[in-house]
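Here the structure comes first, spelled out in structure tokens, and everything after it is commentary.
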Amino acid sequence: MEVLAKIDNVTKLYGKKVALSNVNLEIRPGEIIGLLGPNGSGKTTLIKILNSVLADYEGSITIDGQPIGVHSKSVISYLPDEPYFENWQKGTDVLEIFIDMYEDFDYDRCINLLKRFNIDPAMRFKSMSKGMKEKFLLALVMSRRAKIVVLDEPIGGVDPAAREIILDTILENYDENQTIIMSTHLIADIERIFNRVVFLKDGMVVLDDDVESVRMRTGKSVDELFREEFR
Ligand SMILES: Nc1ncnc2c1ncn2[C@@H]1O[C@H](COP(=O)(O)OP(=O)(O)OP(=O)(O)O)[C@@H](O)[C@H]1O
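For the sequence shown, the UniProt record's numbering gives the first residue as 1, with consecutive numbering after it.
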């Protein structure tokens, strides 16, 4: 099957601290991948490398057949772990930026998602709660018809009822060939949407498997397996 992203022997050091150690992954179209691991295991570092935020690493990465750069940015829709807008801005200001910046941005889809999340884009960010900001940004990022969507801790600040709506929305809105890579600590809440999980431990991949085969092989949910692995 076609490989959408290939991560070959990637190692990342911060000074002497090893954040990623010889990471190898092949990512294919249509996968919904849970990138899981305890605090400090390297999830955000890997996500930042895939999204050109960090460039000083060893190893090689191709995305959609090309090295990381202008093309990879155009095919990846990225939700960072912290919002990147200013408090004085309104939702509509950022919406306009997305319309201008991304050819693949589907405005109607975004407006529908915002309605579903009960977010009024005319509000300024300083008037939104943490969860409202997260939902706003998620609606934007999910509205790009990008080949790869990378979500770093997308629903950490969102209440449990809204989480369910968001997960359903992700499943309903993602295109069949789109790949989603999502880091989270809320494994029990989210694992129903994953079809593949990657566990990182001390910067190394210690598990990379289909969710179905994990369940068949171990008789455990991903959440149970995670708690066992990282106890
Ligand atoms: N800017 C930095 N400078 C130095 N060390 C860093 C920096 N960013 C991350 N690290 C270190 O790299 C390792 C991996 O961090 P990373 O943020 O990728 O982990 P994570 O799995 O995303 O953690 P969390 O679940 O807490 O978000 C940690 O040991 C962390 O201390």
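Note that beta-carbon positions come from the ideal geometry of N, C-alpha and C, so glycine has one too. Quick caveat: nothing in here was measured; it's all calculated off a predicted structure.
- What does a CB cutoff of less than 6 angstroms around Ser-77 pick up in its chain, not counting 5 residues either side in sequence? Here the question's residue 77 lines up with position 77 in the sequence shown. Cβ within range, chain order: Val-141, Arg-144, Ala-146 and Val-149.
- Message: Excluding the 5 residues flanking Pro-80 on each side, which residues of the same chain have their C-beta closer than 7 angstroms to its C-beta?
- Response: Within the sequence shown, numbered from 1, the residue matching residue 80 stands at position 80. Sequence-distant Cβ neighbours of Pro-80 in its own chain, meaning closer than 7 angstroms and more than five residues away, are Asp-152.
- Query: Between Leu-138 and Ile-166, which are expected to be in contact by the criterion C-beta below 8 angstroms, what is the C-beta distance as a whole number of angstroms?
  - Reply: Stepping through the sequence shown from its first residue, residue 138 is reached at position 138. Stepping through the sequence shown from its first residue, residue 166 is reached at position 166. Between Ile-166 and Leu-138 the Cβ distance is about 6 angstroms, and since that is below 8 angstroms, they are a contact.
- Message: Is any non-hydrogen atom of ligand 1 found closer than 7 angstroms to the C-beta of Ala-19, if you look at the structure I gave you?
- Response: Residue mapping note: residue 19 aligns to position 19 of the sequence shown, counting from 1. Remark: the shortest separation between the CB of Ala-19 and any heavy atom of ligand 1 falls under 7 angstroms.
- Item | Leu-171, buried or exposed, once every other Cβ within 10 Å from all chains shown has been counted against 16 | Your numbering for residue 171 matches position 171 in the sequence shown. Classified as exposed, Leu-171 has fewer than 16 neighbouring CB atoms from the shown chains inside 10 Å of its CB.
- Message: Out of Lys-48, Leu-13 and Leu-20, which one is the CA nearest neighbour of Gly-42?
- Response: Here residue 42 refers to the residue found at position 42 of the sequence shown. Measuring from the Cα of Gly-42, the nearest candidate turns out to be Leu-20.
- Do Gly-34 and ligand 1 come close, with the Cβ less than 7 angstroms from some heavy atom? Sequence index remark: in the sequence shown, residue 34 carries index 34 (1-based). Within the chosen limit of 7 angstroms, ligand 1 does not reach the beta carbon of Gly-34 with any heavy atom.
- Check each candidate in Pro-154, Ser-213 and Met-204 and name the one with the smallest Cα separation from Gly-40. Locating residue 40 in the sequence shown gives position 40, where the first residue counts as 1. Here the closest residue by C-alpha is Met-204.
- Item | Supposed contact pair Val-3 and Ile-49 - C-beta distance, whole angstroms, cut 8 angstroms | Working through the sequence shown from its first residue, we reach residue 49 at position 49. Working through the sequence shown from its first residue, we reach residue 3 at position 3. Cβ-Cβ separation between Ile-49 and Val-3: approximately 17 angstroms, too far for a contact (criterion under 8 angstroms).
- Message: According to DSSP, simplified to helix, strand and coil, what is Ile-49?
- Response: Locating residue 49 in the sequence shown gives position 49, where the first residue counts as 1. Note: Ile-49 maps to helix in three-state DSSP.
- Query: Are three or more beta carbon pairs between the stretch 79-98 and the stretch 112-129 nearer than 8 angstroms?
  - Reply: When Cβ pairs closer than 8 angstroms are counted between the two stretches, the stretch 79-98 is seen to touch the stretch 112-129, the count reaching three or more.
- Message: Could you check whether the stretch 19-38 touches the stretch 182-200, counting it as contact only if at least three pairs of C-beta atoms, one from each stretch, sit closer than 8 angstroms?
- Response: Yes: at least three Cβ pairs fall under 8 angstroms.
- Query: Between the Cα of Ala-5 and the Cα atoms of Asp-159, Gly-15 and Asn-51, which residue gives the shortest distance?
  - Reply: For this step, residue 5 is matched to residue 5 along the sequence shown. Measuring from the Cα of Ala-5, the nearest candidate turns out to be Asn-51.
- Message: Rounded to whole angstroms, what is the Cα-Cα separation between Ala-161 and Leu-54?
- Response: Walking along the sequence shown from the start, residue 161 turns up at place 161. Walking along the sequence shown from the start, residue 54 turns up at place 54. One C-alpha to the other measures close to 35 angstroms.
- For Glu-228, count neighbouring Cβ atoms within 10 angstroms of its own Cβ and tell me buried if that reaches 16, exposed if not. For the purposes of this step, residue 228 is taken as the residue at position 228 of the sequence shown. The residue in question, Glu-228, is exposed, as its Cβ has fewer than 16 Cβ neighbours within 10 Å.
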